[in-house]
Amino acid sequence: MKKKIVIIGAGFAGLSVLLGLLKKRKLFDITLIDKDDYFEYTPSLHLCIDNPNYIKKIKLNLTKYYKEFFIQDLVKEIKNSKIIGEKNTYNFDYLVIATGSSTNYYKNLEFKKYTLPFKRLNDIKKINSKLKKNQKITIIGGGYTGIEITGILAQKQKYNITLIHAGNDLLNNKLTGKKIENYLKKQNVSIIKGTYVKSCDKNSVKLSDGKKIDTNLIIMSAGIIPNEITDNVLCDDLCLEKNKNIYLCGDVARSGNISTAHNAMIEGRVVAKNIIARMENKKSSVINKRDWKILAIALGKNNGYITFGEKSIYVPFTGLLKEIIEKRVLFEFKHRIRLPI
Numbered sequence: 013m014k015k016k017i018v019i020i021g022a023g024f025a026g027l028s029v030l031l032g033l034l035k036k037r038k039l040f041d042i043t044l045i046d047k048d049d050y051f052e053y054t055p056s057l058h059l060c061i062d063n064p065n066y067i068k069k070i071k072l073n074l075t076k077y078y079k080e081f082f083i084q085d086l087v088k089e090i091k092n093s094k095i096i097g098e099k100n101t102y103n104f105d106y107l108v109i110a111t112g113s114s115t116n117y118y119k120n121l122e123f124k125k126y127t128l129p130f131k132r133l134n135d136i137k138k139i140n141s142k143l144k145k146n147q148k149i150t151i152i153g154g155g156y157t158g159i160e161i162t163g164i165l166a167q168k169q170k171y172n173i174t175l176i177h178a179g180n181d182l183l184n185n186k187l188t189g190k191k192i193e194n195y196l197k198k199q200n201v202s203i204i205k206g207t208y209v210k211s212c213d214k215n216s217v218k219l220s221d222g223k224k225i226d227t228n229l230i231i232m233s234a235g236i237i238p239n240e241i242t243d244n245v246l247c248d249d250l251c252l253e254k255n256k257n258i259y260l261c262g263d264v265a266r267s268g269n270i271s272t273a274h275n276a277m278i279e280g281r282v283v284a285k286n287i288i289a290r291m292e293n294k295k296s297s298v299i300n301k302r303d304w305k306i307l308a309i310a311l312g313k314n315n316g317y318i319t320f321g322e323k324s325i326y327v328p329f330t331g332l333l334k335e336i337i338e339k340r341v342l343f344e345f346k347h348r349i350r351l352p353i
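Our numbering puts the first residue of the sequence shown at 13, with every later residue one more than the last.
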């Protein structure tokens, strides 16, 4: 009898689990649940700013490509071996939770009310609807996402941009952060470091050092929090300590790896491999902590840096490299094949 596997979340991790299970499809009855009926290639979200036509390029219709597996529903709760959704209840033998993450507002109601998040395509649509020429734009957070937002807006030379980062170095990386800071300053970006946003309203942000900055638009990119629907105390093979039939992968897993699409896909593949191993009474694989961080950071449509841990090199065709990766991943998910990572 086939085992029932339910995957909650159709992002990079969830779809990677599904593709990994397809090679042993005869063993499983697979259900994929997500509150939205589309997958979005989030590493290219910055390219959709002030460019709404790009949105359709990074959006994949789940009902078209995963019709026999996909159910659109919002999961509310997990009880024993039952998943409680808004529309229905689902049984499972194995459950994979790949629900991703959301913008961290740090429990600040002003942040939630007056800033715009940068996590999903719907967020980009809201940002685009509010963009105006010569606008004062404040970006909170000088990490990977905040830098790419700043880079694409600065390239357009239409806005007055301020980037605020609580740490002393952008990316929390002294060497690379300084290179990126110099690049952005040449694009007339104002950069404030070593202080954080304490409060805000629709027309200004107030910093922890007492300064006030006038603004027309605030974009929040200062961190994420997992979309948890159960506890996340994990074993090394990404299953829960309290229930070995429940696995977590991607941002929600807090595996210790940097939150990237690439790592989410790797974790998804490990989970699929481990479920199959359980079925075949084989040894599970463990997830490795990846201290060697290789990232491609775009500073506009074309230019950027490739980082190798603390070191980095300027690459004028970073945008092209990221576009190739985008097309490759979307091809994989559309055609339901697994390519080497």
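Glycine included, C-beta positions come from ideal geometry on N, C-alpha and C. These numbers come from a predicted model, not from an experiment.
Residues of its chain near residue i, where Cβ-Cβ distance is below 6 Å and the 5 sequence neighbours each way are ignored
{"i": "Gly-26", "result": "Ile-19 and Ala-110"}
{"i": "Thr-115", "result": "Pro-129, Lys-131 and Met-232"}
{"i": "Ser-220", "result": "Thr-207, Tyr-208 and Lys-210"}
{"i": "Gly-158", "result": "Ile-151 and Ser-233"}
{"i": "Phe-354", "result": "There is no way to answer for residue 354, as the model of the chain reaches only from 13 to 353."}
{"i": "Asp-49", "result": "Leu-74, Thr-75 and Gln-84"}
{"i": "Ser-28", "result": "Met-277, Gly-280 and Arg-281"}
Cα-Cα separation, residue i to residue j
{"i": "Asp-303", "j": "Ile-270", "result": "Low confidence applies to Asp-303: its pLDDT is 47, below 50, so where it sits in the model is not reliable, and the reading given next is rough at best. In a straight line, the C-alpha of Asp-303 is about 9 Å away from that of Ile-270."}
{"i": "Ile-95", "j": "Tyr-77", "result": "24 Å"}
{"i": "Glu-160", "j": "Ile-337", "result": "16 Å"}
{"i": "Tyr-195", "j": "Asn-314", "result": "13 Å"}
{"i": "Thr-319", "j": "Lys-14", "result": "45 Å"}
{"i": "Leu-31", "j": "Ile-83", "result": "17 Å"}
{"i": "Glu-292", "j": "His-347", "result": "27 Å"}
{"i": "Tyr-137", "j": "Gly-97", "result": "Before going further, note that residue 137 is Lys rather than Tyr in the sequence given. About 27 Å."}
{"i": "Lys-91", "j": "Glu-253", "result": "16 Å"}
{"i": "Gly-179", "j": "Ile-236", "result": "16 Å"}
{"i": "Gln-147", "j": "Ala-289", "result": "55 Å"}
{"i": "Val-283", "j": "Asn-257", "result": "11 Å"}
{"i": "Glu-193", "j": "Leu-182", "result": "7 Å"}
{"i": "Phe-343", "j": "Tyr-118", "result": "37 Å"}
{"i": "Phe-345", "j": "Gly-321", "result": "29 Å"}
{"i": "Val-245", "j": "Leu-33", "result": "24 Å"}
{"i": "Lys-430", "j": "Lys-36", "result": "Because the chain spans 13 through 353 in this model, residue 430 falls outside it and cannot be assessed."}
{"i": "Cys-60", "j": "Ile-203", "result": "23 Å"}
{"i": "Asp-243", "j": "Ser-113", "result": "14 Å"}
{"i": "Asn-73", "j": "Ile-67", "result": "12 Å"}
{"i": "Ala-265", "j": "Pro-238", "result": "8 Å"}
Contacts around residue i, its chain only, beta-carbon distance under 8 Å, and the 5 residues preceding and following it disregarded
{"i": "Asn-286", "result": "Asp-249, Leu-250, Cys-251, Tyr-259, Ser-296 and Ser-297"}
{"i": "Lys-323", "result": "Leu-187 and Thr-188"}
{"i": "Ser-216", "result": "Lys-224, Ile-225, Asp-226 and Thr-227"}
{"i": "Lys-124", "result": "Tyr-117"}
Extent of the continuous beta strand (DSSP E) to which residue i belongs
{"i": "His-177", "result": "172-177"}
{"i": "Ala-310", "result": "306-310"}
{"i": "Lys-16", "result": "15-20"}
{"i": "Thr-115", "result": "113-115"}
{"i": "Ile-325", "result": "323-327"}
{"i": "Tyr-50", "result": "50-52"}
{"i": "Thr-150", "result": "148-152"}
{"i": "Lys-205", "result": "202-205"}
Beta-carbon proximity list for residue i, same chain, < 7 Å, skipping 5 on both sides
{"i": "Glu-52", "result": "Ile-70, Lys-71, Arg-132 and Leu-133"}
{"i": "Leu-86", "result": "Lys-47, Gly-97 and Glu-98"}
Endpoints, the alpha helix (DSSP H) within which residue i is located
{"i": "Ser-28", "result": "24-34"}
{"i": "Ile-336", "result": "330-347"}
{"i": "Asp-226", "result": "From DSSP, Asp-226 is part of no alpha helix (DSSP H) but of the beta strand (DSSP E) over 224-226."}
{"i": "Thr-162", "result": "156-168"}
{"i": "Gly-189", "result": "186-198"}
{"i": "Phe-123", "result": "121-126"}
{"i": "Ile-83", "result": "Not the alpha helix (DSSP H): Ile-83 falls in the beta strand (DSSP E), residues 82-84."}
{"i": "Glu-279", "result": "273-291"}
According to DSSP, residues forming a beta bridge with residue i
{"i": "Ala-234", "result": "Answer is none; Ala-234 lacks a bridge partner."}
{"i": "Val-217", "result": "Cys-212 and Ile-225"}
{"i": "Glu-89", "result": "Ile-96"}
{"i": "Ile-109", "result": "Ile-20 and Leu-260"}
{"i": "Gly-316", "result": "Ala-310 and Val-327"}
{"i": "Tyr-102", "result": "Ile-95"}
{"i": "Asn-73", "result": "Tyr-50"}
Residue i versus the options, residue with shortest Cα-Cα distance
{"i": "Val-201", "options": "Asp-181, Lys-256, Ile-149 and Gly-179", "result": "Ile-149"}
{"i": "Leu-332", "options": "Asp-263, Gly-312 and Asn-228", "result": "Gly-312"}
{"i": "His-58", "options": "Ser-114, Asn-140 and Phe-104", "result": "Asn-140"}
{"i": "Thr-330", "options": "His-274, Leu-307, Thr-101 and Leu-342", "result": "Leu-307"}
{"i": "Leu-44", "options": "Asp-135, Val-108 and Ile-67", "result": "Val-108"}
{"i": "Asp-2", "options": "Ala-273, Ile-173, Cys-261 and Ser-233", "result": "Outside the displayed range of the chain (13 to 353) lies residue 2, so it cannot be described from this structure."}
{"i": "Asn-63", "options": "Ile-176, Gly-154, Glu-279 and Leu-143", "result": "Leu-143"}
{"i": "His-177", "options": "Lys-168, Thr-162 and Lys-170", "result": "Thr-162"}
Closer than 7 Å: residue i CB and nearest the ligand PLP heavy atom
{"i": "Tyr-171", "result": "Absence of the ligand PLP is noted for the structure shown, with no ligands found whatsoever."}
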